[in-house]
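Using this note's numbering, the letters of the sequence shown map in sequence onto residues 7 to 987.
Structure record follows, encoded as structure tokens.
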Amino acid sequence: MSSKLQLKFDSHLDYQDEAISSVIDLFEGQTTSQSIFTVSSGARIAKLTSTNYKNIGIGNRLEISEQELLENLQKIQLRNGIPQSRSIASGYDFDVEMETGTGKTYVYTKSIMELNKQYGFTKFIIVVPSIAIKEGVYKSLKITENHFKELYNNVQYDFFIYNSNKLELVRDFAVNDCVSIMIINIDAFRKDGNIINRPNDKLNGLKPIELIQGTNPIVIIDEPQSVDNTELSLNAIQNLNSLCIFRYSATHAKKHNLTYRLNAIDAYERKLVKGIDVAGFSSANQHNEAYIKLVSVDNKKTPISAKIEVDAVSKDGLGTKRKVITVKSGDDLESKIKRSVYEGYIVEDICCQPENEYIQFEPVQKYVFLGETTGDVDDAVLKRQMIRKTIQEHLDKELTYTRNGIKVLSLFFIDRVAKYRDKGEKGIYAKMFEEEYVDLIKRPKYRDILKSDDPQVQAESCHNGYFSADKSGWVDSNGNTVKDEETYKLIMIDKEKLLSFDSKLRFIFSHSALAEGWDNPNVFQICTLVDTKSVNDKRQKIGRGLRLCVDQSGNRIHDPYVNQLTVMANESFEEFAAGLQREYEDNSGIRFGIIEQHTFAKTTIRNENGEVGYLGEEGSKRIYQSFLETGYINDKGKVLDKLKIDVRENNVQIPEEFKDLKGQILDTCKTVCGTLNIKNNDDKRTVTLKKQVLLSDDFKDLWDRIKYKTKYELNFNSDDLIDVCANQIQKLEIKPPMLMYNKASIKINSSGVEANASIPVRVENLDYTEELPDIITYLQNKTDLTRRTIVRILTDSRVNLDDFKKNPQMFMEGVSKVIARNVRLMALRGIVYKKIGDYYAQDLFNSEELIGYLNKNMIKSDRSIYEYTIYDSDVERKFALQLESLRDVKLYVKLPDWFKITTPIGNYNPDWAVLMDNGDGEHLYFVFETKGNIDNNRESEKYKIECGKRHFECLGQDIRYLVRTDLNNLEEGDIYFDSFD
7 MSSKLQLKFD
17 SHLDYQDEAI
27 SSVIDLFEGQ
37 TTSQSIFTVS
47 SGARIAKLTS
57 TNYKNIGIGN
67 RLEISEQELL
77 ENLQKIQLRN
87 GIPQSRSIAS
97 GYDFDVEMET
107 GTGKTYVYTK
117 SIMELNKQYG
127 FTKFIIVVPS
137 IAIKEGVYKS
147 LKITENHFKE
157 LYNNVQYDFF
167 IYNSNKLELV
177 RDFAVNDCVS
187 IMIINIDAFR
197 KDGNIINRPN
207 DKLNGLKPIE
217 LIQGTNPIVI
227 IDEPQSVDNT
237 ELSLNAIQNL
247 NSLCIFRYSA
257 THAKKHNLTY
267 RLNAIDAYER
277 KLVKGIDVAG
287 FSSANQHNEA
297 YIKLVSVDNK
307 KTPISAKIEV
317 DAVSKDGLGT
327 KRKVITVKSG
337 DDLESKIKRS
347 VYEGYIVEDI
357 CCQPENEYIQ
367 FEPVQKYVFL
377 GETTGDVDDA
387 VLKRQMIRKT
397 IQEHLDKELT
407 YTRNGIKVLS
417 LFFIDRVAKY
427 RDKGEKGIYA
437 KMFEEEYVDL
447 IKRPKYRDIL
457 KSDDPQVQAE
467 SCHNGYFSAD
477 KSGWVDSNGN
487 TVKDEETYKL
497 IMIDKEKLLS
507 FDSKLRFIFS
517 HSALAEGWDN
527 PNVFQICTLV
537 DTKSVNDKRQ
547 KIGRGLRLCV
557 DQSGNRIHDP
567 YVNQLTVMAN
577 ESFEEFAAGL
587 QREYEDNSGI
597 RFGIIEQHTF
607 AKTTIRNENG
617 EVGYLGEEGS
627 KRIYQSFLET
637 GYINDKGKVL
647 DKLKIDVREN
657 NVQIPEEFKD
667 LKGQILDTCK
677 TVCGTLNIKN
687 NDDKRTVTLK
697 KQVLLSDDFK
707 DLWDRIKYKT
717 KYELNFNSDD
727 LIDVCANQIQ
737 KLEIKPPMLM
747 YNKASIKINS
757 SGVEANASIP
767 VRVENLDYTE
777 ELPDIITYLQ
787 NKTDLTRRTI
797 VRILTDSRVN
807 LDDFKKNPQM
817 FMEGVSKVIA
827 RNVRLMALRG
837 IVYKKIGDYY
847 AQDLFNSEEL
857 IGYLNKNMIK
867 SDRSIYEYTI
877 YDSDVERKFA
887 LQLESLRDVK
897 LYVKLPDWFK
907 ITTPIGNYNP
917 DWAVLMDNGD
927 GEHLYFVFET
937 KGNIDNNRES
947 EKYKIECGKR
957 HFECLGQDIR
967 YLVRTDLNNL
977 EEGDIYFDSF
987 D
């Protein structure tokens with residue numbers, strides 16, 4: 007048996023020192039001072055000089071003025087890059103913002119020691135919102151006691167948890183002349199009826215609260231968003247008669263005088279917490295059922311509507327693609343989506359009640375709640391794979407980390423305790439866990455982990471659940487009741503034991519018992535086995551595992567390659583990243599992609615004497631105003647693309663007075679800007695038509711040649727079609743529906759939360775067990791062929807029924823695409839275009855309004871009929887620039903969407919019409935298609951381009967139809983691909 011693991015603490019972490027000094031320096035100018043008072047009656051005695059008897063209490067005393075306090079605060083805020091307070095309201099409330107996992111309990115404990123050392127303050131109260139945090143704070147004070155006594159010359163200090171049955175501890179708190187720390191739950195003094203607010207005979211008729219008030223304590227609130235969130239709680243805090251209040255949290259709901267900020271961005275960029283990988287599952291080739299996901303509901307307009315994701319018919323009409331549509335009550339999904347699997351899905355009701363949003367379908371009697379899906383992967387299959395992948399991630403880390411003395415822990419969040427333990431028996435999740443663990447641990451690669459153990463025995467001993475028990479069995483825990491005391495004491499007292507190899511426990515299942523207030527530095531996997539996707543608990547859940555890990559010697563490990571937390575999410579990584587960013591914005595006030603008036607205040611400068619100082623808020627405001635005038639930001643500070651472009655090109659315009667600070671200013675801008683991927687509304691422009699060019703003889707000459715419409719005729723042999731299709735259907739590769747696993751690294755910086763994904767891998771094939779659909783009717787609707795022809799195709803192809811059963815939708819789509827492709831090919835071989843009398847009138851240009859974005863998808867034009875040319879790709883942008891620069895080009899136009907050529911597979915819209923001069927005064931007329939590399943284009947694009955060629959050949963009139971991406975070395979008749987023969 008090894009010795010008990012003891013955590014070790016680093017007393018000189020720079021970010022913690024910054025937070026501590028931000029508190030200590032508030033009282034600069036304060037001398038060591040105390041106030042004293044009697045504890046034998048309610049009367050206060052001011053400034054007594056003797057404390058030789060037990061009836062005299064010792065309290066804190068503030069000597070500096072409110073103005074001095076404000077000036078100290080402003081200096082601290084300036085060096086920390088925080089907006090400066092203009093005043094300090096009575097009560098002296100200060101906020102310290104520290105990201106979860108960065109050691110805020112250590113920081114405020116050391117701040118207590120420093121406040122005593124430098125100013126003689128002795129009375130401190132730590133107010134907490136729950137039993138979990140109360141036990142956690144007490145545990146932290148216990149394990150750091152020797153550490154702080156070594157740092158502060160064996161200073162005497164007492165700490166205790168307030169207990170209404172031990173009021174003598176409150177009296178000791180009042181009379182002790184050493185550092186005294188009381189930990190108290192807000193529920194213990196929030197109400198007038200609490201014992202703390204009632205006279206007590208043991209205290210000579212005094213109320214315990216009166217003794218506390220006499221000490222003029224410095225109050226520290228841990229997680230204030232959960233403490234003083236009601237009027238009753240706020241009044242109770244004020245009733246403590248504090249010298250001042252420090253609120254420590256990562257998510258301040260109410261803002262006071264902010265003294266220090268270490269937000270999520272700072273923590274991740276400085277590698278003070280673990281990096282995050284998000285893993286998730288998705289289905290592939292799974293379109294056989296009525297898939298529906300409720301994305302959002304909206305009751306702001308009439309009628310109430312909902313956005314749902316469904317498996318809709320793809321654009322070519324032959325496949326299936328997931329898309330989001332808007333529905334309202336009474337909508338029939340089968341009619342709206344044109345797929346028979348949605349038969350019976352009629353919107354009956356849309357509920358917009360907060361936390362209970364859902365959409366109801368009848369007559370199928372189906373409810374889909376916000377963020378949930380139906381018709382996708384079976385829930386039991388998904389949960390089993392989530393458990394399996396969590397175990398696998400865990401075991402893979404163990405193979406490496408154990409050699410380095412690091413124990414790996416995994417945490418599972420569940421929404422119902424019965425799924426893990428049901429009346430003393432194993433629940434479904436416990437059974438799944440043991441089955442998957444046994445299957446994985448038998449692999450040869452994990453031989454060093456299994457050792458000589460029996461796989462089943464090891465599986466049963468390595469996991470457990472932390473819940474609260476009653477006589478009837480295991481029940482859900484809410485984290486606040488008295489019966490949770492024993493649960494939380496077990497968790498907190500045995501925290502180091504969990505980190506030791508002596509404990510077999512490596513996988514922890516929990517409900518609310520391990521929520522706010524609990525974390526463990528060696529949690530490397532968090533798996534969310536809940537049925538709903540909460541919109542605001544991602545940050546809380548990942549907070550249980552953000553702290554940097556420790557080894558068996560108790561030393562903190564700072565290697566970023568080791569400190570990586572994997573979150574097994576019940577949603578896609580894109581949804582997780584977007585939701586996490588919303589939480590940071592809503593709960594922490596982080597403003598991604600925003601420059602504020604104080605953003606540059608912390609920029610360092612040197613005066614004439616070489617002394618280092620700060621630019622300050624006034625200088626920062628002048629830079630902010632310059633950026634606003636230059637068009638770098640909008641009036642809300644939102645970074646615009648113009649700044650992103652100039653940052654990328656190192657060409658940011660900075661006021662002359664700040665030229666020497668350009669490097670620092672540019673670094674700040676780079677942090678805030680992020681990637682150049684947003685169309686900014688402030689750059690939005692309506693493109694003006696140049697009437698003089700539109701009405702010119704040159705344009706009229708060009709337009710008269712290309713404006714005519716055509717019609718086509720088809721001719722092909724059905725027997726040939728049947729033979730070719732039957733032959734190709736035999737070669738179809740039909741894959742079963744699959745469950746795919748994907749992992750993405752989360753990157754958090756000032757521009758936002760991004761997810762960079764790896765390639766998905768298959769983890770399981772999904773069986774189709776429903777009734778097989780009517781393939782003949784399906785193909786008839788998709789191809790417009792007769793039933794007789796379809797039956798002949800399928801019969802001649804000798805269809806493998808197993809392929810059809812394996813994935814009916816994929817098989818039907820594959821067959822329909824084979825038929826459609828061959829119909830097109832045969833049609834194109836015999837297609838003939840004929841000119842008709844109808845045409846596109848030149849006046850249509852007057853009815854079209856074009857809108858584009860400067861620096862994003864439009865360039866200034868001198869030769870087009872518009873002031874700007876809007877492009878859709880980099881290829882088109884380069885082509886447009888050539889049209890503007892080549893001297894042979896007289897004028898051109900990007901052909902509008904309404905200029906269409908009919909084809910058997912849909913309308914075709916060519917790209918450009920160009921009028922050129924050959925140098926001898928002769929006009930050349932071109933229609934250009936700029937579709938990149940034709941060999942890599944979809945077949946449908948090739949078909950349409952071939953139809954375009956035959957359309958313009960039919961029109962004649964010296965029109966050259968070319969497929970080009972480059973106008974250099976233009977040759978007559980040049981085209982990139984051979985015609986279909």
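Note that the Cβ used here is the ideal one computed from N, Cα and C, for glycine as well.
Bear in mind the structure is a predicted one, so any value in this text is a computation, not a measurement.
* Asked: Considering only the beta carbon of each residue, do Gly325 and Glu819 sit closer than 7 Å?
  -> yes
* Straight-line gap, Ile837 to Tyr784 (C-alpha atoms, nearest Å) -> 27 Å
* Classify Ala847 as helix, strand or coil using the three-state DSSP reduction. => coil
* Per DSSP, cross-strand counterpart(s) of Glu441 -> Paired residues: none, contrary to the question.
* Nearest-angstrom Cα distance between Asp878 and Pro916? -> 13 Å
* Please determine, among Leu504, Ile455 and Tyr452, the residue with the shortest C-alpha to C-alpha distance to Asn470. => Leu504
* Exposure of Lys937, with buried meaning 16 or more beta-carbon neighbours within 10 Å -> buried
* Asked: For the alpha helix (DSSP H) that Cys1 lies in, which residues bound it at each end?
  -> Absent from the structure is residue 1, since the part of the chain shown begins at 7 and ends at 987.
* Measure the CB-CB distance between Cys731 and Ile600 and report whether it falls below 7 Å. => no
* To do: Rounded to whole angstroms, what's the CA-CA distance from Asn528 to Gly281? Just pull it up for me.
  => So the alpha carbons of these two residues sit roughly 13 Å apart.
* Inter-residue Cα distance where the pair is Ala575 and Val374 -> 19 Å
* Asked: Near Phe705, what residues of its chain come up, given a Cβ to Cβ distance below 7 Å and the 5 sequence neighbours on each side ignored?
  -> Val699, Ile871 and Leu897
* To do: Over the uninterrupted beta strand (DSSP E) stretch that includes Gly65, give me the two end residues.
  => Where Gly65 is concerned, the enclosing beta strand (DSSP E) stretches over Ile62 to Asn66.
* Asked: Given Ile94, which residues of its chain have a CB within under 8 Å of its CB, disregarding the five upstream and five downstream residues?
  -> Cβ-Cβ distances below 8 Å link Ile94 to Glu72, Leu75, Leu76, Leu79 and Asn263 in the same chain, with the five nearest sequence neighbours on each side left out; the list follows chain order.
* **Length of the line joining the Cα atoms of Ala424 and Glu378** => 21 Å
* Under a three-way DSSP split, which group does Asp355 fall into? -> strand
* Asked: CB-CB under 8 Å to Ser985, same chain, minus the five flanking residues each way: which ones, in chain order?
  -> The predicted position of Ser985 is uncertain, since its pLDDT is 35 and thus under 50; a value taken from the coordinates is nonetheless stated next. Excluding residues within five positions, the ones whose Cβ falls inside 8 Å are Glu952 and Lys955.
* Asked: Under the three-state reduction of DSSP, which class applies to Glu315: helix, strand or coil?
  -> strand
* **Lys717 beta carbon less than 7 Å from that of Lys866** => Here Lys866 is not near Lys717, since their CB atoms are 7 Å or more apart.
* Mind checking which residues open and close the beta strand (DSSP E) that includes Asp283? => Gly281 to Ala290
* Could you give the distance in angstroms between the alpha-carbon of Lys110 and the alpha-carbon of Ser255? -> 8 Å
* To do: Specify whether the region 270 to 277 and the region 119 to 127 touch according to this definition: at least 3 beta carbon pairs, one from each stretch, less than 8 Å apart.
  => The region 270 to 277, when compared against the region 119 to 127, does not touch it at the 8 Å Cβ threshold.
* In angstroms, rounded to a whole number, what distance separates the CA positions of Asn723 and Val805? -> 23 Å
* When DSSP labels each residue in this structure, what does Gly619 get in the three-state scheme? -> strand
* Boundaries (first-last residue) of the beta strand (DSSP E) holding Pro470 -> Here residue 470 is Asn; the residue named in the question, Pro, does not match the sequence. DSSP places Asn470 in the uninterrupted beta strand (DSSP E) bounded by His469 to Tyr472.
* Reduced DSSP category for Cys250 - H, G, I as helix; E, B as strand; rest coil -> Strand.
* Any idea what DSSP makes of Arg768, helix, strand or coil? -> Note: Arg768 maps to strand in three-state DSSP.
* If we ignore side chains and look at the alpha-carbon of each, how far apart do Val176 and Tyr168 end up? -> 8 Å
* Cβ contact (3+ pairs, closer than 8 Å) linking the region 438 to 446 and the region 455 to 471 -> Yes: at least three Cβ pairs fall under 8 Å.
* Contacts around Leu930, its chain only, beta-carbon distance under 6 Å, and the 5 residues preceding and following it disregarded -> Met922 and Asn924
* Between the beta-carbon of Arg919 and the beta-carbon of Val899, is there less than 7 Å? -> Before going on, a small fix: residue 919 reads as Ala here, not Arg. Closer than 7 Å, so yes.
* **the region 146 to 164 touching the region 244 to 251, judged by at least three CB pairs closer than 8 Å** => no
* To do: Pick out the complete alpha helix (DSSP H) segments inside the region 686 to 745, 4 residues or longer, and give them in chain order.
  => 697 to 700, 703 to 712 and 724 to 735
* Under the three-state DSSP convention, the category Arg196 falls into -> coil
* Cβ-heavy atom distance between Asp500 and the ligand SAM below 6 Å? -> For the structure depicted, the ligand SAM is absent and the ligand set is empty, with no information on it obtainable.
* Asked: Over what stretch of residues does the alpha helix (DSSP H) that includes Pro214 continue unbroken?
  -> Pro214 to Gly220
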